[in-house]
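Novice:
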Amino acid sequence: MAHIDLNNDLPGIRGLMAFRPEVAAHLNELAELLLRADNSLSRGERELIGTYVSYLNDCAYCQSAHQVLAQHYMECGLEEMEKIKRNPETSDLPPKLKTLLAIAKCVQLGGNAVSENVINLARKEGATDLEIHDTVLIAASFCMFNRYVDGLGTHAPSDIQFYLGRAESRAKEGYAAYNPLH
402 MAHIDLNNDL PGIRGLMAFR PEVAAHLNEL AELLLRADNS LSRGERELIG
452 TYVSYLNDCA YCQSAHQVLA QHYMECGLEE MEKIKRNPET SDLPPKLKTL
502 LAIAKCVQLG GNAVSENVIN LARKEGATDL EIHDTVLIAA SFCMFNRYVD
552 GLGTHAPSDI QFYLGRAESR AKEGYAAYNP LH
């Protein structure tokens with residue numbers, strides 16, 4: 402049960418967006434730009450950054466919703482994604498993506514936790530300024546989304562199948578045209 406009366410039974414951010422559709426439009430526009438627009442980072446890599454930050458923030462809804470999208474785009478299974486979330490450094494991810502996830506982890510701790518050293522490690526692995534910028538912005542945005550969802554006590558279905566059933570359509574439709582009631 403959410404901390405406020407949302408006038409709907411929708412889980413996670415869907416319930417919040419139905420409650421404040423005028424806010425939803427802007428948040429979805431931001432998500433569309435950060436996670437789906439043209440970028441040198443793939444959609445899967447960007448969804449993974451959001452998933453990892455949501456995992457670190459222990460936000461069950463955002464973690465699951467974006468994990469299934471990352472899995473969809475990266476064509477990997479649940480077990481592999483769980484391994485990546487627990488310890489990306491020991492995963493089979495490309496070195497550049499590992500360094501970007503290290504930056505995202507620092508952002509999750511707090512903006513001042515991002516050091517020149519972690520930025521230089523990403524650059525050494527080939528990360529561009531745009532990729533570093535977008536990693537920081539995605540991580541910071543997911544901290545906001547996670548706190549929005551959990552701060553209002555929304556419900557998160559625990560069955561991953563709930564989220565898997567929506568991954569393909571969300572990947573196709575995107576965020577900008579998202580209607581929380583569907």
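The working numbering runs 401 ahead of the 1-based position in the sequence shown. Idealized CB from N, CA, C, for every residue including glycine.
Return helix, strand or coil for residue 549, following the three-state DSSP convention.
Specialist: Helix, per DSSP.
Novice: Would you check whether the ligand ATP has a heavy atom nearer than 8 angstroms to the C-beta of residue 422?
Specialist: Looking at this structure, you won't find the ligand ATP or any other ligand, since it has none at all.
Novice: Give the secondary structure of residue 554 by DSSP, where H, G and I count as helix, E and B as strand, and everything else as coil.
Specialist: Of the three classes helix, strand and coil, the one that applies to residue 554 here is coil, per DSSP.
Novice: Counting Cβ pairs closer than 8 angstroms, one from the region 522 to 529 and one from the region 494 to 505, do we hit at least three?
Specialist: Because the criterion of three Cβ pairs below 8 angstroms is met, the region 522 to 529 and the region 494 to 505 touch.
Novice: Please report the distance separating the alpha-carbon of residue 485 from that of residue 491.
Specialist: One C-alpha to the other measures close to 8 angstroms.
Novice: With a floor of 3 residues, list each beta strand (DSSP E) that falls wholly inside the region 418 to 481, ordered by position along the chain.
Specialist: Runs of the beta strand (DSSP E) inside the region 418 to 481: none found.
Novice: Could you name the residues of the same chain whose beta carbon sits closer than 8 angstroms to that of residue 504, not counting the 5 residues immediately before and after it, in chain order?
Specialist: Correct list, in chain order: 515, 519, 520, 523, 533, 536, 537, 540.
Novice: What are the boundary residues of the alpha helix (DSSP H) that residue 498 is part of?
Specialist: Its alpha helix (DSSP H) spans residues 496 to 510.
Novice: Going straight from the alpha carbon of residue 575 to that of residue 432, what length do you get?
Specialist: Looking at the two C-alpha atoms, the distance is approximately 9 angstroms.
Novice: Under 6 angstroms Cβ to Cβ from residue 414, same chain only, skipping five residues before and after it: list those, please.
Specialist: Closer than 6 angstroms at Cβ, skipping near neighbours: 550.
Novice: Can you give me the C-alpha to C-alpha distance between residue 566 and residue 488, rounded to a whole angstrom?
Specialist: Using only the alpha carbons, I get a separation of about 26 angstroms.
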